[in-house]
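Participant:
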Amino acid sequence: MIKQFRRWLEGETGFAALLGLALLTAFGLQMTRMGFYWDDWQMVYLAQTGNFRLYWEHFLSDRPFVAWIYWLVTRLVGHSPLAAHLLALTARWVSVLGFYLALRGLWHSARWQARWMALLLAVSPAFLQQQVAYTYSAHFITYALFTFSLAAMIWAMRSPKRLRWLMPLSWLLALLHVMSMEYFIGLELLRPLILWWLAPSGDGKIRSRLWRVLRRWLPYGLVLVVFAVWRFVYFPQISYHAEANTPSIVLQMFKTPFTALISLAQIALRDFLYLIVFAWTNTFLPETIDLRAKSFLFAWGVGALLAVLLFWALHPRSETTGMETTDMVGTLSPDPFLRRAVLLGTLGILCGGLPIWLTDRSMIVGAWSDRFALAPMLGASILIVALVDWLGGGFNRKATLCVLAALAGLSAAYHIHLANKFRLHWEQQRTYYWQLSWRAPALQSGTAVIGPSIPMNYVAGYSLGLALNVIYAPEQRGDELSYWFINGLRELGSKRLPGNEQGLPIEDQFRNLTFKSSTSQSVVAAFNPARGCLRVLDEIYLLAPPIDNEGKLSALSNTAQILADNVHQPPSVLFGSEPPHDWCYYFEKADLARQLGDWREVIRLWDAAGNAGYAPQNGVELLPFVEAYGHLGNWSAAETFSRQALALTENLEPALCALWQRLESQSQPSPQQQEAIQRLQSVLQCRRGL
67 MIKQFRRWLE GETGFAALLG LALLTAFGLQ MTRMGFYWDD WQMVYLAQTG NFRLYWEHFL
127 SDRPFVAWIY WLVTRLVGHS PLAAHLLALT ARWVSVLGFY LALRGLWHSA RWQARWMALL
187 LAVSPAFLQQ QVAYTYSAHF ITYALFTFSL AAMIWAMRSP KRLRWLMPLS WLLALLHVMS
247 MEYFIGLELL RPLILWWLAP SGDGKIRSRL WRVLRRWLPY GLVLVVFAVW RFVYFPQISY
307 HAEANTPSIV LQMFKTPFTA LISLAQIALR DFLYLIVFAW TNTFLPETID LRAKSFLFAW
367 GVGALLAVLL FWALHPRSET TGMETTDMVG TLSPDPFLRR AVLLGTLGIL CGGLPIWLTD
427 RSMIVGAWSD RFALAPMLGA SILIVALVDW LGGGFNRKAT LCVLAALAGL SAAYHIHLAN
487 KFRLHWEQQR TYYWQLSWRA PALQSGTAVI GPSIPMNYVA GYSLGLALNV IYAPEQRGDE
547 LSYWFINGLR ELGSKRLPGN EQGLPIEDQF RNLTFKSSTS QSVVAAFNPA RGCLRVLDEI
607 YLLAPPIDNE GKLSALSNTA QILADNVHQP PSVLFGSEPP HDWCYYFEKA DLARQLGDWR
667 EVIRLWDAAG NAGYAPQNGV ELLPFVEAYG HLGNWSAAET FSRQALALTE NLEPALCALW
727 QRLESQSQPS PQQQEAIQRL QSVLQCRRGL
């Protein structure tokens, strides 16, 4: 059976399955526990609208033709995170298969090298955002359009019988990928070199061969002309943000050419070294070793197993390999395949990175910049395999394969470890939205949810704003948003949040989506899981120790925006089933009941939490129960809860003083009340008394 399995792996179907297994190992082990991040929320909201016009207008600022891909993707995926991750991983797998198919057509005799090139591209650590699945599904679909266009061109040149239909197919796929997304347009510059290699020598004259290459390349050149006319002539006339992705270094060359060339060379050199060296060495840094962490041990254990499997499965037996020759001095010289692979890999990096570098961007500078490695990492995978084969193949073929297997295993382990971080941050998102929905079952239209900061990583403010519309306005279909999230401390003083007084206009725009409201229609929600449950700010918490520096925003919180009827829970297809009711559930529901003045419900929730074995870790979360017992006239219980709150949290005295002063002014005096006040005064030392 093992021999039969090995023979199956040696076939192309077996390798395609092995490639899929490597991708599943690196990116899919926690797929069922992943969610949406960053730009994914654009797709989630657009999927809710289902309006193609909104797709077009949403991407009109940079690449409107990508709308057709996202429209199809959202029709398939909807709001399902699992479906989005499956689609993105499948698209990545298909794009790598197209790359492998192109390599097999280009170099028939370099089968095992082509397989390793495909594997390194599949698990490359240069791109680290595979988990942002909804967004990058379009990138990998576009990548697949390019790689299959390249493969169709190569196999058309190899087989004249298929040329009549493969070449037009290649032209069509090239047009689709170039017009949809410009990420891979630089790789189009590799075609003339490949066509030169594949063109028959004919009568041996270079001029005749050049003419044949030019004739085959002309349709692809026309595709580039069409893109150039669209991008630089027509597009600026219709886009509302036409300066997006401007080739600033090209413009700089007209003014200071030497300075521009130096800048271009520096960016290119840095990214080149990152792609072939540092992206791979970063997969195993000494400071990341943590033998006490199960996630670390699991990631590197699985990575090691994958490396062993790949080494065993892809070890060539009867096939000729690099076919290096030895010159008269005894030094190793690469065969034509290796020389061509080094050249193609180098040019693949340079051409793939050129569109990015010309906009004065780098894949190692700035947040999310690793996405710029998508195109050039194709060339990097070719170059790395060629260099490893060149440098080690003449001495010990097994050592060469060990190096390649180790690179793939380390990269897979790195991605597994990174995926665990994405999983944890998705859990934080789910926690935030569920706690917010427990505290605010519904919100009046036009509500701005203000947070002191972005409450978790791997999202932006617009991500939360769009998520709020998905949760609280599932029927919404237009470009005018009913809800929005504002990063309060960062935006304070801008048009998004002009000040911390009531009645000021709030305006924000994200691409074609707009939100207009006022500071009188805002709710301040602070969230820091390390310090307790989500807290919607109102007067009871104004003097309490903050959990996220929310004090400056306290005057903006209007809890009248929160409604208890017409409940909108996070959709289960998106967020999964409602989590088990822990302490934060009872706290949020009790805080809502306190807002509504339902004091008996507050106490019922306390009893239910106690019966379930839950209690707060932050004394601030006992304040609603102090207030409820006070309004019900149970002053001894209110005093007991106050003392418990003081024991749990320091610096809570000002908030308790203010609360007791309000209770005293809002209730009928009684001996029990005065006795409780006198006992607490000695503890709280309130300045104005109780």
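The sequence shown begins at 67 in our numbering and counts up one residue at a time. Glycine included, every Cβ here is placed at the ideal spot set by N, Cα and C.
#1: To the nearest angstrom, how far is the alpha carbon of ALA373 from that of ILE328?
#2: Report yes if the C-beta distance between LEU658 and ARG505 is below 8 angstroms; otherwise report no.
#3: GLY396: buried (16+ other C-beta within 10 angstroms of its C-beta) or exposed?
#4: Can you list, in chain order, the residues of its chain with a C-beta nearer than 6 angstroms to that of GLU573? Leave out the 5 residues immediately preceding and following it.
#5: Using a 10 Å radius around the Cβ and a threshold of 16 neighbouring Cβ atoms, would you call MET443 buried or exposed?
#6: On the DSSP bridge assignment, give the partners of LYS582 in chain order.
#7: Do the region 511–526 and the region 473–486 meet, that is, are 3 or more Cβ pairs less than 8 angstroms apart?
#8: Residue range of the alpha helix (DSSP H) that ALA133 falls in?
#9: Who are SER588's beta bridge partners in DSSP?
#10: Just to confirm the assignment: which complete alpha helix (DSSP H) runs, minimum length 4, are found wholly within the region 581–660?
#11: Would you mind sorting TYR300 into buried or exposed? The rule is 16 or more other CB atoms within 10 Å of its CB.
#12: In terms of alpha-carbon separation, which member of ALA433, PHE438, ASP401 and TRP434 lies closest to CYS417?
#13: Counting C-beta neighbours from all protein chains within 10 Å, is the total for VAL451 16 or more, i.e. buried, or is it exposed?
#14: Quick one: what's got a C-beta closer than 6 angstroms to LEU532's C-beta in the same chain, skipping five residues either side?
#15: Per DSSP, PHE551 is paired with what?
#16: Give the straight-line distance between the Cα atoms of ASP662 and ASN632, rounded to the nearest whole angstrom.
#17: Using alpha carbons as the reference points, say which of ALA674, LEU729 and LEU284 lies closest to TYR695.
#18: Between which two residues does the alpha helix (DSSP H) containing VAL316 stretch?
#19: Alpha carbon to alpha carbon, how far is TYR286 from ASP426?
#20: Is the beta carbon of ALA379 sitting closer than 8 angstroms to the one on LEU600?
#21: If you draw a straight line from the alpha carbon of GLU76 to that of THR412, how long is it in whole angstroms?
#22: Can you tell me which of PHE250, GLN70, GLN114 and GLU123 puts its alpha carbon nearest to the alpha carbon of VAL139?
#23: I believe ASP315 touches LEU339 by the beta-carbon criterion, under 8 angstroms. Please report the beta-carbon distance rounded to the nearest angstrom.
#24: Helix, strand or coil for ALA508 per DSSP?
#25: With 16 other CB atoms within 10 Å as the buried threshold, where does PHE320 fall?
#26: Spell out a yes or no on whether the region 148–158 and the region 340–352 are touching, meaning 3 or more CB-CB pairs, one atom from each, closer than 8 angstroms.
#27: Report the rounded CA-to-CA distance for MET233 versus ALA154, giving the unit in angstroms.
#28: According to DSSP, simplified to helix, strand and coil, what is SER529?
#29: Buried or exposed for ALA713, going by 16 or more other Cβ atoms inside 10 Å?
#30: For ASN624, count neighbouring Cβ atoms within 10 angstroms of its own Cβ and tell me buried if that reaches 16, exposed if not.
#31: Can you tell me which of LEU484, TYR524 and PHE377 puts its alpha carbon nearest to the alpha carbon of PHE102?
#32: For a test of the three-state rule: what should DSSP assign to SER447, helix, strand or coil?
#33: How big is the Cα-Cα spacing for LEU120 and ASP545?
#34: Pick out whichever of GLU353, PHE691 and LEU603 has its Cα sitting closest to the Cα of LEU671.
#35: Can you list, in chain order, the residues of its chain with a C-beta nearer than 7 angstroms to that of TRP665? Leave out the 5 residues immediately preceding and following it.
#36: Would PRO611 and LEU718 be called neighbours here (beta carbons separated by less than 8 angstroms)?
Facilitator: According to the structure shown:
#1: The residue labelled residue 373 in the question sits at position 307 within the sequence shown. The residue labelled residue 328 in the question sits at position 262 within the sequence shown. Cα to Cα, ALA373 sits roughly 40 angstroms from ILE328.
#2: Along the sequence shown, read from residue 1 onward, the residue named residue 658 stands at position 592. Along the sequence shown, read from residue 1 onward, the residue named residue 505 stands at position 439. Against a cut-off of 8 angstroms, the Cβ pair of ARG505 and LEU658 comes out as a contact.
#3: By 1-based counting over the sequence shown, the position of residue 396 is 330. For GLY396, the predicted model reports a pLDDT of 36, less than 50, meaning its position is unreliable; a value from the coordinates is still stated below. With fewer than 16 Cβ atoms within 10 Å of its Cβ, GLY396 is classed as exposed.
#4: For the purposes of this step, residue 573 is identified with residue 507 of the sequence shown, where counting begins at 1. Excluding residues within five positions, the ones whose Cβ falls inside 6 angstroms are LYS561 and LYS582.
#5: Position 377 of the sequence shown, counted from the first residue, corresponds to residue 443. With 16 or more Cβ atoms within 10 Å of its Cβ, MET443 is classed as buried.
#6: Numbered from its first residue, the sequence shown carries residue 582 at position 516. Per DSSP, GLU573.
#7: no
#8: Here residue 133 is taken as the residue at index 67 of the sequence shown, counted from 1. Element bounds for ALA133: 133–143.
#9: To locate residue 588, count along the sequence shown from 1; it is residue 522. DSSP lists ALA514 as partners of SER588.
#10: 638–641
#11: For the purposes of this step, residue 300 is taken as the residue at position 234 of the sequence shown. TYR300 comes out exposed.
#12: Position 351 of the sequence shown holds residue 417. If we check each option's Cα against that of CYS417, PHE438 comes out closest.
#13: Taking the sequence shown and counting its residues from 1, the one referred to as residue 451 is at position 385. Buried, since its Cβ has 16 or more Cβ neighbours within 10 Å.
#14: Taking the first residue of the sequence shown as position 1, residue 532 is located at position 466. Cβ neighbours of LEU532 beyond the five flanking positions: TRP107 and TYR111.
#15: Translated into positions along the sequence shown, residue 551 becomes position 485. Paired residues: VAL515.
#16: Locating residue 662 in the sequence shown gives position 596, where the first residue counts as 1. Locating residue 632 in the sequence shown gives position 566, where the first residue counts as 1. The displayed chain sequence assigns Leu, not Asp, to residue 662. Near 15 angstroms, if we compare the C-alpha coordinates of ASN632 and LEU662.
#17: Position 629 of the sequence shown, counting from 1, holds the residue named residue 695. Considering only alpha carbons, the answer is LEU729.
#18: Within the sequence shown, residue 316 is the residue found at index 250, counting from 1. Run containing VAL316: 314–319, per the alpha helix (DSSP H) assignment.
#19: Along the sequence shown, read from residue 1 onward, the residue named residue 286 stands at position 220. Along the sequence shown, read from residue 1 onward, the residue named residue 426 stands at position 360. For TYR286 and ASP426, the distance between alpha carbons rounds to 26 angstroms.
#20: Taking the first residue of the sequence shown as position 1, residue 379 is located at position 313. Taking the first residue of the sequence shown as position 1, residue 600 is located at position 534. Contact: no.
#21: Your numbering for residue 76 matches position 10 in the sequence shown. Your numbering for residue 412 matches position 346 in the sequence shown. Answer to the nearest angstrom: the Cα atoms are 29 angstroms apart.
#22: The count along the sequence shown starts at 1 and reaches residue 139 at position 73. Among PHE250, GLN70, GLN114 and GLU123, the Cα nearest to that of VAL139 is on GLN114.
#23: Stepping through the sequence shown from its first residue, residue 315 is reached at position 249. Stepping through the sequence shown from its first residue, residue 339 is reached at position 273. Here residue 315 turns out to be Ile, not Asp, going by the sequence shown. So it is not a contact: roughly 19 angstroms between Cβ atoms.
#24: In the sequence shown, residue 508 corresponds to position 442, counting from 1. Three-state DSSP puts ALA508 in a strand.
#25: On the sequence shown, residue 320 is found 254 positions in, with the first residue counted as 1. Exposed, since its Cβ has fewer than 16 Cβ neighbours within 10 Å.
#26: no
#27: Here residue 233 refers to the residue found at position 167 of the sequence shown. Here residue 154 refers to the residue found at position 88 of the sequence shown. Going by the C-alpha atoms only, they are around 27 angstroms apart.
#28: Indexing the sequence shown from 1 puts residue 529 at position 463. Helix.
#29: Here the question's residue 713 lines up with position 647 in the sequence shown. It is exposed - the Cβ of ALA713 has fewer than 16 other Cβ atoms within 10 Å.
#30: Numbered from its first residue, the sequence shown carries residue 624 at position 558. The residue is buried, with at least 16 neighbouring Cβ atoms inside 10 Å.
#31: Against the sequence shown, residue 102 aligns to sequence position 36. When only C-alpha atoms are compared, the closest one is TYR524.
#32: By 1-based counting over the sequence shown, the position of residue 447 is 381. Of the three classes helix, strand and coil, the one that applies to SER447 here is helix, per DSSP.
#33: The sequence position of residue 120 within the sequence shown is 54, counting from 1. The sequence position of residue 545 within the sequence shown is 479, counting from 1. Answer to the nearest angstrom: the Cα atoms are 7 angstroms apart.
#34: Along the sequence shown, one-based indexing puts residue 671 at 605. Residue PHE691 is the option with its Cα nearest to LEU671.
#35: In the sequence shown, counting from the first residue as 1, residue 665 sits at position 599. Counting only Cβ-Cβ distances below 7 angstroms, and skipping sequence neighbours, we find ALA694, HIS697 and LEU698.
#36: Indexing the sequence shown from 1 puts residue 611 at position 545. Indexing the sequence shown from 1 puts residue 718 at position 652. Going by C-beta atoms, PRO611 is nearer than 8 angstroms to LEU718.
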